[in-house]
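Colleague:
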Amino acid sequence: MILPVLALFARRLLVAIPILLVVSALVFAVLRLLPVDPAAMSMPPNATKAEIEAKRQEMGLDRPLPEQYAIWLKATLRGDLGSSIHFRRGVAGLIRETLPATVELAALAMLVSAVLGFAGGLLLFHLRGTWRGELADLGSTALMSTPDFLWALMFILAFGVAWPILPFTGRLGASFARPMHTGFLLSDTLIEGRPDMFLDALAHMLLPAIALGLAFAVPIMRVLRSSLIEVDHADYIRQARLRGVSEWRILTRHSLKNAVLPTLTLMGVQFGFLFGGTLLVEVIFSYPGLGNLMVEAVRNADLPIIQAVALAYAAVVLVINMVVDGLYLVLDPRLRAS
Amino acid sequence: MRAGFAWLRSGRVVVGLAIVGLILVCAAFAPYLAPHDPEEQNLLAVLLPPAWSAAGDPTYLLGTDSLGRDVLSRLLYGARVAMTVAVVASLGAMLVGAVLAHLAGYFGGKVDWLIGRAVDVWMSFPPVVLSLVLMTGLGAGIRSVILAIVLVDWTRFCRVLRAEVLVTARQDYVAAARLVGFSHWRTLLREIVPATLPLLITLVSIEMGIAVIVEAVLSFVGMSVGANQSAWGQMIADARQSIYESAWNLMLPMLAIFITVLGFNLLGDGLRRSLDPRLLLAREA
Numbered sequence: 001m002i003l004p005v006l007a008l009f010a011r012r013l014l015v016a017i018p019i020l021l022v023v024s025a026l027v028f029a030v031l032r033l034l035p036v037d038p039a040a041m042s043m044p045p046n047a048t049k050a051e052i053e054a055k056r057q058e059m060g061l062d063r064p065l066p067e068q069y070a071i072w073l074k075a076t077l078r079g080d081l082g083s084s085i086h087f088r089r090g091v092a093g094l095i096r097e098t099l100p101a102t103v104e105l106a107a108l109a110m111l112v113s114a115v116l117g118f119a120g121g122l123l124l125f126h127l128r129g130t131w132r133g134e135l136a137d138l139g140s141t142a143l144m145s146t147p148d149f150l151w152a153l154m155f156i157l158a159f160g161v162a163w164p165i166l167p168f169t170g171r172l173g174a175s176f177a178r179p180m181h182t183g184f185l186l187s188d189t190l191i192e193g194r195p196d197m198f199l200d201a202l203a204h205m206l207l208p209a210i211a212l213g214l215a216f217a218v219p220i221m222r223v224l225r226s227s228l229i230e231v232d233h234a235d236y237i238r239q240a241r242l243r244g245v246s247e248w249r250i251l252t253r254h255s256l257k258n259a260v261l262p263t264l265t266l267m268g269v270q271f272g273f274l275f276g277g278t279l280l281v282e283v284i285f286s287y288p289g290l291g292n293l294m295v296e297a298v299r300n301a302d303l304p305i306i307q308a309v310a311l312a313y314a315a316v317v318l319v320i321n322m323v324v325d326g327l328y329l330v331l332d333p334r335l336r337a338s
Numbered sequence: 339m340r341a342g343f344a345w346l347r348s349g350r351v352v353v354g355l356a357i358v359g360l361i362l363v364c365a366a367f368a369p370y371l372a373p374h375d376p377e378e379q380n381l382l383a384v385l386l387p388p389a390w391s392a393a394g395d396p397t398y399l400l401g402t403d404s405l406g407r408d409v410l411s412r413l414l415y416g417a418r419v420a421m422t423v424a425v426v427a428s429l430g431a432m433l434v435g436a437v438l439a440h441l442a443g444y445f446g447g448k449v450d451w452l453i454g455r456a457v458d459v460w461m462s463f464p465p466v467v468l469s470l471v472l473m474t475g476l477g478a479g480i481r482s483v484i485l486a487i488v489l490v491d492w493t494r495f496c497r498v499l500r501a502e503v504l505v506t507a508r509q510d511y512v513a514a515a516r517l518v519g520f521s522h523w524r525t526l527l528r529e530i531v532p533a534t535l536p537l538l539i540t541l542v543s544i545e546m547g548i549a550v551i552v553e554a555v556l557s558f559v560g561m562s563v564g565a566n567q568s569a570w571g572q573m574i575a576d577a578r579q580s581i582y583e584s585a586w587n588l589m590l591p592m593l594a595i596f597i598t599v600l601g602f603n604l605l606g607d608g609l610r611r612s613l614d615p616r617l618l619l620a621r622e623a
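Here the protein sequences line up with chains L and H, keeping their order.
By the numbering used here, the letter at position 161 of the first sequence is numbered 161, and the numbering carries on one by one without gaps.
By the numbering used here, the letter at position 36 of the second sequence is numbered 374, and the numbering carries on one by one without gaps.
#1: L:Val316 and L:Val115: beta carbons closer than 8 Å?
#2: Under 8 Å between the Cβ atoms of L:Ser227 and L:Thr263?
#3: At a Cβ threshold of 8 Å, is H:Asp607 touching chain L?
#4: Taking only three categories from DSSP, how would you classify L:Ser83?
#5: For H:Thr474, which of helix, strand or coil comes out of DSSP?
#6: Looking at chain H, is there any beta carbon in it that lies within less than 8 Å of the beta carbon of L:Phe275?
#7: Whole angstroms is fine: what's the gap from H:Val498's alpha carbon to H:Asp395's?
#8: For L:Arg355, count neighbouring C-beta atoms within 10 Å of its own C-beta (all shown protein chains included) and say buried if the count is 16 or more, exposed if not.
#9: Have a look at L:Leu8 and L:Asn321 and give me their C-alpha separation to the nearest angstrom.
#10: Which same chain residues end up closer than 7 Å to L:Leu274 when comparing Cβ atoms and leaving out the 5 residues on each side of it in sequence?
#11: Would you report the Cα separation of L:Leu256 and H:Arg418, rounded to the nearest angstrom?
#12: Taking 8 Å as the cut-off, decide whether the C-beta atoms of H:Phe602 and H:Gly359 are in contact.
#13: Say the cut is 7 Å; is the CB of H:Pro464 nearer than that to a heavy atom of the ligand MN?
#14: Look at the alpha carbon of H:Gly446 and the alpha carbon of H:Val503, and state the distance between them as a whole number of angstroms.
#15: Sort out for me which residues DSSP pairs H:Thr402 with in a bridge.
#16: Buried or exposed, going by whether 16 or more other CB atoms sit within 10 Å of the CB of H:Arg340?
#17: Using the Cα positions of L:Ala297 and L:His86, report the straight-line distance between them to the nearest angstrom.
#18: So if I threshold CB-CB distances at 9 Å, which residues from the segment 584 to 602 of chain H count as touching chain L?
#19: If the cut is a Cβ gap below 8 Å, which residues of chain L does H:Val459 touch?
#20: Would you mind stating whether H:Val555 and L:Phe149 have Cβ atoms separated by less than 8 Å?
#21: Any Cβ of chain H within less than 8 Å of the Cβ of L:Ala314?
#22: In chain order, which continuous runs of the alpha helix (DSSP H) of length 4 or greater are located wholly inside the segment 505 to 559 of chain H?
#23: Please return the same chain residues whose Cβ sits closer than 8 Å to the Cβ of H:Ala569, not counting the five positions on each side in sequence.
#24: So, is L:Arg222 buried or exposed, given that buried needs 16 or more other C-beta atoms within 10 angstroms?
#25: Use the C-beta contact count for L:Leu153: other C-beta atoms within 10 angstroms, 16 or more gives buried, fewer gives exposed.
#26: Please determine, among L:Ala209, L:Leu224 and L:Leu251, the residue with the shortest C-alpha to C-alpha distance to L:Ile284.
#27: Helix or strand or just coil, what does DSSP make of L:Gly90?
#28: Does H:Gly334 come within less than 8 Å of chain L when only Cβ atoms are used?
#29: Is L:Gly183 closer than 8 Å to L:Pro100 when the C-beta atoms are compared?
#30: Measure from the C-beta of H:Leu476 to each C-beta in chain L and report whether the shortest distance is under 8 Å.
#31: What does L:Pro147 touch in chain H if you count any residue whose Cβ is under 7 Å from its own?
#32: List the residues of chain H that L:Met110 touches, going by C-beta distances under 9 Å, in chain order.
#33: May I have a chain-ordered list of the beta strand (DSSP E) segments no shorter than 3 residues that lie completely inside the segment 373 to 400 of chain H?
#34: For H:Val352 and H:Arg412, what's the separation of their Cα atoms in angstroms?
#35: Which chain H residues are close to L:Val30, counting only those with a beta carbon under 7 Å from its beta carbon?
#36: How many Å lie between L:Leu135 and H:Arg610 at the Cα?
Below, the structure written as structure tokens:
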């Protein structure tokens with residue numbers, strides 16, 4: 001069971017490396033379209049032309065584009081992501097601080113969307129063919145039309161303003177000093193042995209995670225429902241029904257196991273998108289993660305950050321796809337045999 | 339019983355079309371429908387609630403924003419931006435995605451490999467992140483928004499359509515067309531495109547809803563239209579500053595986005611149900 005999964009990971013890693021290279025080259029090229037001069041931006045406003053020119057040479061901006069890319073790539077492989085023009089500090093450090101926050105939020109949102117997606121899918125399947133089912137189906141179309149940032153704003157209005165029961169800005173209440181161990185707040189607070197702080201951190205993540213999870217649960221619901229219906233027409237299900245096997249047992253023992261596979265494929269793609277969805281939700285909830293860093297960098301045309309953060313997003317998406325594919329392999333014995 | 343609720347199914351197309359049509363009319367005739375200039379400020383009447391509430395003013399039907407601008411007029415003008423982006427960007431993304439999908443699915447081999455890898459690269463990029471990077475390079479403005487959506491979302495068409503083309507290209511009638519002496523070009527246009535058209539139309543409808551959302555997102559972070567033009571996302575960003583004083587300001591543009599996207603999704607959903615032969619078979623079984 002473990003060996004084929006490891007083999008898959010190795011294969012996927014071999015594919016991921018060229019993809020990341022192409023991604024980084026694309027981002028590099030697109031950002032050079034920008035009509036701004038990073039050298040002039042990183043200098044104080046009273047710098048002379050000669051000083052800016054010297055800086056340009058130092059940053060390698062006077063050289064042809066492929067050479068600039070080669071310089072950047074070499075530095076990146078050494079772990080040197082350059083330094084931010086706006087924040088005046090190393091990009092690697094900024095990413096180390098913000099990436100765990102985003103990963104934590106995305107993981108909670110994935111949990112929410114998986115639970116809601118499966119529950120909703122089973123409900124839609126259960127109601128199929130009745131007027132309630134048609135209504136629920138229509139409801140799912142309405143849910144589909146509500147993107148994550150609309151949920152986020154609605155939650156702020158409902159649970160932050162009208163009925164203020166949950167916090168909706170930042171990662172932690174102002175009364176707590178932020179512990180630093182792993183960067184993941186949920187585990188850091190537990191390492192410190194502070195359950196009160198853990199709950200506060202969780203409360204801060206609740207609204208953004210549910211807003212994000214809800215938006216991505218709907219496609220999961222719909223695919224689970226249609227694959228359950230498809231499996232329901234299969235001969236082995238009819239046969240089980242003829243043998244008098246109870247509906248519950250048919251669902252848990254037969255249908256679900258087969259219907260879950262297409263759902264899992266979709267979840268792989270969806271979770272990649274979900275990770276990107278954190279960007280906007282973070283902005284709305286002033287949650288200090290990669291997304292806020294990215295938007296801030298875009299506003300300031302802070303190229304080294306944009307470049308590195310874009311790459312970080314792509315890398316995490318590739319990891320998510322890899323994990324989901326591994327899970328697929330574990331769950332589908334037919335794939336392992338071949 | 340099923341027949342009694344069949345209208346819910348076929349009704350989707352009608353209701354979807356009605357909503358989309360209504361918003362299109364609002365967008366096209368915004369200058370005639372809007373009671374005020376959307377940029378006209380009235381600092382004596384800021385953050386008014388809609389006319390039907392006790393503190394409302396009948397001259398401002400849906401109230402005013404934090405600068406005293408008429409919300410209804412701004413919503414109507416915002417519809418122009420949303421619908422322009424929805425129509426132009428979706429058709430653009432469709433064109434790029436569909437052409438590549440047909441080339442990949444029909445010719446296979448190296449062409450298919452190359453296009454497939456390009457899709458892989460694009461898919462490893464969250465759409466929001468990619469569009470932000472593109473917007474940084476292209477600069478703010480509605481043209482950049484359209485271009486960014488085309489460059490990000492062509493993969494949505496390419497992935498789904500390629501599989502469809504692959505299946506269609508193996509059909510006997512396609513082989514027959516080639517044997518009769520049809521050129522590749524003619525076979526693609528006459529035999530394959532008609533077969534993939536229903537799926538294409540469905541995808542365009544759904545993509546239009548996505549484009550409305552993306553435009554709202556980009557104008558929310560201030561990268562779409564300029565400050566002297568109103569867009570729904572921008573209205574949301576403004577209203578967020580005065581969330582405690584006026585919830586209406588925030589809810590109205592949110593509602594506009596929701597209804598528009600719902601219209602496109604109902605249309606797409608209805609079309610899919612009435613055009614997809616596999617779903618028709620499943621219903622008969």
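Here a beta-carbon is modelled for each residue, glycine too, at the ideal position from N, C-alpha and C.
Modeller: If we stick to the structure as given:
#1: no
#2: yes
#3: yes
#4: strand
#5: helix
#6: yes
#7: 51 Å
#8: For chain L, the structure presents residues 1 to 338; residue 355 of chain L sits outside this window and is missing.
#9: 12 Å
#10: Ala106, Ala109, Met110, Ser113, Leu212 and Phe216
#11: 46 Å
#12: no
#13: Among the components of this structure there are no ligands whatsoever, and the ligand MN is therefore not found.
#14: 10 Å
#15: H:Asp408
#16: Residue confidence is low: H:Arg340 scores 45 on pLDDT, short of 50, so the model does not pin down where it sits. Its coordinate-derived value is still stated next. Exposed, because fewer than 16 other Cβ atoms sit within 10 Å of the Cβ of H:Arg340.
#17: 8 Å
#18: Ala585, Leu588, Met589, Met592, Ile595, Phe596, Ile597, Thr598, Val599, Leu600, Gly601 and Phe602
#19: Ile19, Val22, Val23 and Leu26
#20: yes
#21: yes
#22: 510 to 518, 522 to 525 and 531 to 558
#23: Gly416, Val419, Ala420, Glu553, Ala554, Ser557, Ser562 and Val563
#24: buried
#25: buried
#26: L:Ala209
#27: strand
#28: Residue 334 of chain H is absent from the structure shown; chain H starts at 339 and stops at 623.
#29: yes
#30: yes
#31: Ile551
#32: Ordered by position in chain H, no residue passes the 9 Å Cβ test against L:Met110, which lies about 14 Å from the chain.
#33: none
#34: 28 Å
#35: Val471, Leu472 and Gly475
#36: 18 Å
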